[in-house]
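Residue numbers (this note's numbering), protein chains in the order written: chain A, 1 to 294; chain B, 1 to 304.
Don't be surprised by glycine CBs; every beta carbon is placed ideally from N, CA and C.
Report on the following structure.
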């Protein structure tokens, strides 16, 4: 869609875009370019020039078992938490959309988790899921040693997945509900009059019509699970135990700022950027085809 | 809808109720744990009846993590980011939608690409830029030979340097430099009727006048939506403030939470930790609750 009526003087037009362009150049394009440059050189932590090493940084990262472990952990985290958060939110939104008595209350409360900072909810879940206090302690008393995210990698992974999904159920719920409510009531009423039941109507009418939202949320959830997880990991597990929850963003942070390996961290950033871009393109190409747009 | 589905209705209420409980439970548990004393909070199972030490714990958490100034910092940063986004996105969208100039599509795409790569993945070089924001410009001067020319002509050696570590601008500007809002405005501006622009131009309004007197008042809803979303987003930022604020006077409430984690082997002061968590989670929750009615209305077409 284009505007028919515009303002003539194009010099003024560009002036309006200048603040944004300056900002994205300084804080986006320059650093992104730097990351590429650094990943190809060996940067001394405290200045003193850098040496061109070509793809050596990538070679050493990709031959490192810790790094592959971090990729696997990130993918497991992204897959399970996105699946959980989207499925639960979809069910809750579909049921809220039936507008039975009290659905307004659900609509209000189910949005709350979205407002909570990842580190704050991580603190809450760290307590709730602590092995020695709170609630899992009860389970541990019945089956001693059943739960300990401080020692067991799978338990730690489960903890951060629960915390992340909890927040994103709230986020997804808002969008799913909006999508459901955008479907004209008359469409559903007509189907009901033709004798189709609630479940039939869901699969044949509502579900196809909200596929654009599902697709949008899939892209957002996966992308977010690669970055918004940082606060959760830092507070709940700090990457441990034994690197089981050392997700890619967390590893970039700990290698770059704690280990002062700027070149290695830059190379990891490049790989993470590529991974996000590839995942996004993949979703656009293969999933978007099944999406119904109106 | 008039339809008799008693079993399904029961099922709907059941599932929604379970969802409700899971959603509200962490808040309740945090609030209750924050009201216990050291012994009760570590009881297995912890009592779900509120204890009596709520205000004591809040006070302890407040002073231990020095939350007063930190909350103020969080507030300044979140407001700054929200305001910056609201203003800059509007300007850019206006430029893209209402002008025809060469390179307009290039600018559009340059901005669009920034949506793909969040701050977290380019964190290391962004940190370097903030340590000296003028570094990119110095590099350009050096590469183009301009700094050499200036030195030859005037004898002044060009050394641009401006560090933004431990400053509000350093916290805010990199977070403003993404394009989230631009597209929200763009979509909205495209729905503004051409007749309105035509009428304004006929009345002799220039671009700036049209923008300020007509377009901005019309986009009040969008500005409020974007402002809310960005305020929450900025308030909840963790990695960036953690990195660039080494000096206590600029740290955020969210990053200070970490200080309250009970150490392994130390005294498990979960009641203090939960009191601090409650304080830090409240402000964004209040924003969500206050803006909710309007927020959901903005997203949902109410005509049924």
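* Asked: What does a CB cutoff of less than 7 angstroms around residue 261 (chain A) pick up in its chain, not counting 5 residues either side in sequence?
  -> 255
* Comparing the C-beta of residue 132 (chain B) with each C-beta of chain A, is any distance below 7 angstroms? -> no
* Asked: So is residue 115 (chain A) in contact with chain B if we call contact Cβ pairs under 7 angstroms?
  -> yes
* To do: Measure from the alpha carbon of residue 69 (chain A) to the alpha carbon of each residue in A:276, A:274, A:247, A:264, then state which is nearest.
  => A:247
* Asked: Helix, strand or coil: which one does DSSP assign to residue 107 (chain B)?
  -> helix
* **Local Cβ density within 10 Å of residue 236 (chain A), reported as buried at 16 or more and exposed below that** => buried
* Can you list, in chain order, the residues of its chain whose CB lies under 8 angstroms from that of residue 83 (chain B), leaving out five sequence neighbours each side? -> 227
* Out of B:243, B:231, B:63, state which residue places its alpha-carbon closest to the alpha-carbon of residue 86 (chain B). => B:231
* Could you round the C-beta distance between residue 119 (chain B) and residue 162 (chain B) to whole angstroms and report it? I think they count as a contact, below 8 angstroms. => Going by Cβ atoms, the distance from residue 119 (chain B) to residue 162 (chain B) rounds to 20 angstroms, so no, they are not a contact pair.
* Under 7 angstroms, do residue 222 (chain A) and residue 122 (chain A) count as touching if we go by C-beta distance? -> no
* **Contacting residues, own chain, Cβ-Cβ under 6 angstroms from residue 281 (chain A) (five flanking each side not counted)** => none
* To do: Indicate whether residue 14 (chain A) and residue 101 (chain B) have their beta-carbon atoms separated by less than 7 angstroms.
  => yes
* Return helix, strand or coil for residue 243 (chain A), following the three-state DSSP convention. => coil
* Could you spell out the range, first to last residue, of the alpha helix (DSSP H) harbouring residue 37 (chain B)? => It is not in any alpha helix (DSSP H) - residue 37 (chain B) carries neither H nor E in the DSSP assignment.
* Asked: Mind pulling the chain A residues with CB within less than 7 angstroms of residue 306 (chain B)?
  -> Any question about residue 306 (chain B) goes unanswered here, given that chain B covers just 1 to 304.
* Do residue 175 (chain A) and residue 217 (chain A) have their C-beta atoms within less than 7 angstroms of each other? -> yes
* Taking 8 angstroms as the threshold, find out whether the segment 111-127 of chain B comes into contact with the segment 263-278 of chain A through three or more Cβ pairs. => yes
* Where do the N-terminal and C-terminal ends of the beta strand (DSSP E) with residue 235 (chain A) fall, by residue? -> From DSSP, residue 235 (chain A) is part of no beta strand (DSSP E) but of the alpha helix (DSSP H) over 229-236.
* Spatially closest choice to residue 184 (chain B) from B:88, B:284, B:35, B:57, by CA coordinates -> B:88
* **DSSP-derived helix/strand/coil call for residue 278 (chain A)** => helix
* Asked: Between residue 74 (chain B) and residue 254 (chain B), which are expected to be in contact by the criterion C-beta below 8 angstroms, what is the C-beta distance as a whole number of angstroms?
  -> 7 angstroms
* **Beta-carbon proximity list for residue 52 (chain A), same chain, < 7 angstroms, skipping 5 on both sides** => 40, 41
* Where the beta strand (DSSP E) through residue 51 (chain A) begins and ends -> 50-52
* To do: Give me the Cα-Cα distance between residue 220 (chain A) and residue 210 (chain B), rounded to the nearest whole angstrom.
  => 35 angstroms
* Hey, how far is the Cα of residue 55 (chain B) from the Cα of residue 65 (chain B)? -> 15 angstroms
* **CB contact check: residue 270 (chain B) to chain A, cutoff 7 angstroms** => yes
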